[in-house]
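Undergrad: Heads up: the sequence shown is residues 0 to 203, going by numbering that gives the first Met the number 0.
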Amino acid sequence: MAEELLGRGIARERFCAGYIGEGLTWVPPERRARVFVLRRGQPVELSEDEILGEMKSGDVLIKGANVLDAEGVCGVLMASPAGGTVGKLAIPALARGVETVIPISCAKSVHGYVTDLAPELGIGRVNKSTGFAVGLFPLVGTVVTEVEAVELLYGVRAKHVASGGVGPGVGTVTLLLVGDEAKVEQAFAAVAGLVRDEPAPQVG
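1. Val-66 and Leu-23 look like a contact to me (Cβ under 8 Å); what is the Cβ gap, rounded to whole Å?
2. What would DSSP say about Ala-78, mapped onto helix, strand or coil?
3. To the nearest whole angstrom, what separates the beta carbons of Pro-27 and Val-36, a pair I think is in contact under 8 Å?
4. How many Å lie between Ala-209 and Ala-181 at the Cα?
5. Span of the alpha helix (DSSP H) holding Thr-129?
6. Go ahead and pull the three-state DSSP assignment for Leu-45.
7. With a threshold of 8 Å, are at least 3 pairs of Cβ atoms found where one atom belongs to the stretch 47 to 62 and the other to the stretch 120 to 133?
8. Drop a sphere of 10 angstroms on the beta-carbon of Val-109, count the other beta-carbons inside from all chains shown, and report buried for 16 or more, exposed for fewer.
9. Report the option in Gly-71, Arg-38, Gly-57 and Glu-12 whose CA atom is closest to the CA atom of His-159.
10. Comparing C-alpha positions only, which one of Glu-44, Ala-81, Phe-14 and Ser-46 sits nearest to Gly-219?
11. Do the stretch 87 to 101 and the stretch 168 to 176 touch if we need at least three Cβ pairs shorter than 8 Å?
12. Phe-136 by DSSP, collapsed to three states: which one?
13. Which residue wins for smallest C-alpha separation from Ser-56, given the options Val-97, Gly-40, Leu-193 and Val-75?
14. Who does Asp-58 pair with in a DSSP beta bridge?
15. How big is the Cα-Cα spacing for Gln-185 and Gly-166?
16. From Lys-87 to Leu-93, what distance separates their C-alpha atoms?
Structure (C-alpha cells):
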C-alpha cells in the first residue's frame, strides 16, 4: 500500500517494527524506515513527534495489524512496554478523531476473538515464547482485506475461500469472484498480476 501511495518502491524489509519470522521479533529501531507521511498527496519528512504534534481530525492513519478475528476485529501485537506504534500513534489518533484504515490479509485470520485473547496475553503474563513475549491491542478502524479491496476496486463480490500454500504460495489467499463477467475478468487479471509481485526480502 505504501508503494502504491508513494508511486515508488520502498525497502520492504525495513518497513515494519515487529514481525513474525523465526518467532516473534522486531526490526531494530536504527534500521527501521521512517513513518511515511503524505500531505495533500505529497510526501513530507516528519518525525514521529512532529506527526503527533500535527495529527488531527480529518487526517487518515494507515496502520497494519497482526490478527483478524471472526467478527472482523483486528489486533496488533505489542513487544514494547509502551505499546510501540499503537501507543505512539494509534491511541492518540483515536482520541483525536483521526480516521484509521487497517489493511490486513485474510491470511491473518484466527478462530478466536481479539477481545478474548487480549486479556490472556501480555509481556509480563506470558511465561515462555518463541521470540518476544507480547501483548495484544484491539485496533479500531476501517478494515480492508483482499475481499474489501477487490470489491471496492472492481465492483464484484469476493469471498475468502482458503489461505496458505507451499513455496510461492506461502502467505497467499484464495478468493472466489462473483459478478458481471467483464468485471470479473478485469478483477481476475489484476489479481493474477499481483501474484507475480516479488515477496519482501528477509526482514531485520
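Yeah, the Cβ is synthetic: ideal placement off N, Cα and C, and Gly gets one too.
In this text, all values refer to a predicted model and were calculated from it rather than measured experimentally.
TA: Taking the coordinates as given:
1. Residue numbering aside, residue 66 sits at position 67 when the sequence shown is read from its first letter. Residue numbering aside, residue 23 sits at position 24 when the sequence shown is read from its first letter. So it is not a contact: roughly 12 Å between Cβ atoms.
2. As a first step, residue 78 is located in the sequence shown; it is residue number 79 there, counting from the start. DSSP places Ala-78 in coil when its eight states are reduced to three.
3. Counted from its first residue, the sequence shown places residue 27 at position 28. Counted from its first residue, the sequence shown places residue 36 at position 37. That belief does not hold up - the Cβ atoms of Pro-27 and Val-36 are roughly 22 Å apart, past 8 Å.
4. The first residue shown for the chain is 0 and the last is 203, placing residue 209 beyond what the model contains.
5. Position 130 of the sequence shown, counting from 1, holds the residue named residue 129. Neither: Thr-129 is in no alpha helix (DSSP H) and is coded neither H nor E.
6. On the sequence shown, residue 45 is found 46 positions in, with the first residue counted as 1. Reduced to three states, the DSSP call for Leu-45 is coil.
7. no
8. Taking the first residue of the sequence shown as position 1, residue 109 is located at position 110. Exposed is the call here.
9. Residue 159 sits at position 160 when you count from the first residue of the sequence shown. It is Gly-71.
10. With the chain represented from 0 up to 203, any question about residue 219 goes unanswered, as that position is not in the structure.
11. Judged by Cβ distances under 8 Å, the stretch 87 to 101 makes no contact with the stretch 168 to 176, as fewer than three pairs qualify.
12. On the sequence shown, position 137 is the one that residue 136 refers to. Phe-136 falls in the strand class under three-state DSSP.
13. In the sequence shown, counting from the first residue as 1, residue 56 sits at position 57. With distances taken between Cα atoms, Ser-56 lies closest to Val-97.
14. As a working note, residue 58 is residue 59 in the sequence shown. Ser-56, per the DSSP bridge assignment.
15. For the purposes of this step, residue 185 is identified with residue 186 of the sequence shown, where counting begins at 1. For the purposes of this step, residue 166 is identified with residue 167 of the sequence shown, where counting begins at 1. So the two alpha carbons sit approximately 27 Å from each other.
16. For this step, residue 87 is matched to residue 88 along the sequence shown. For this step, residue 93 is matched to residue 94 along the sequence shown. Whole-angstrom Cα-Cα distance: 11 Å.
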